[in-house]
Amino acid sequence: MARTTSDNPLDVPVQVRFTAAGTPLGIRYDGRIWAVAAEPVRWFTRADWWNTAKRAPVGCGNLVSVEHWQVQVRLIYPRRGFTGTCVLN
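Position in the sequence shown counted from 1, then plus 5, gives you our numbering.
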């Protein structure tokens, strides 16, 4: 999974550990642990709520804003013979 910033974003489910402040700290992907190596970039987009049939329960919060994080990570528990960095989006 060695990726560079010139690669297309990796769009797969991962497990993310966050700091107490709510920023990504580390990622578990494919049985390996990756540490966040640079300041994460955060942005929001709006969900197309008019195309979904979902109804929001009372008091559930904002279902329209979708949070995104772009993180640069480094492998901290590599498999034998593997090192590198990657960007997950």
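Here a beta-carbon is modelled for each residue, glycine too, at the ideal position from N, C-alpha and C.
List the whole-angstrom C-beta distance separating L80 from R37, where the pair is believed to meet the contact cut-off of C-beta under 8 Å. Taking the sequence shown and counting its residues from 1, one reaches residue 80 at position 75. Taking the sequence shown and counting its residues from 1, one reaches residue 37 at position 32. Their Cβ separation, rounded to whole angstroms, is 6 Å, which keeps L80 and R37 in contact under 8 Å.
Report yes if the C-beta distance between T50 and V21 is below 8 Å; otherwise report no. Along the sequence shown, read from residue 1 onward, the residue named residue 50 stands at position 45. Along the sequence shown, read from residue 1 onward, the residue named residue 21 stands at position 16. Going by C-beta atoms, T50 is not nearer than 8 Å to V21.
Along the chain, where does the beta strand (DSSP E) containing A40 start, and where does it finish? Within the sequence shown, numbered from 1, the residue matching residue 40 stands at position 35. It spans 37 to 41 - the beta strand (DSSP E) in which A40 sits, taken as one unbroken run.
Between the alpha carbons of W48 and A42, how many angstroms are there, rounded? Sequence index remark: in the sequence shown, residue 48 carries index 43 (1-based). Sequence index remark: in the sequence shown, residue 42 carries index 37 (1-based). Going from the Cα of W48 to the Cα of A42 covers about 19 Å.
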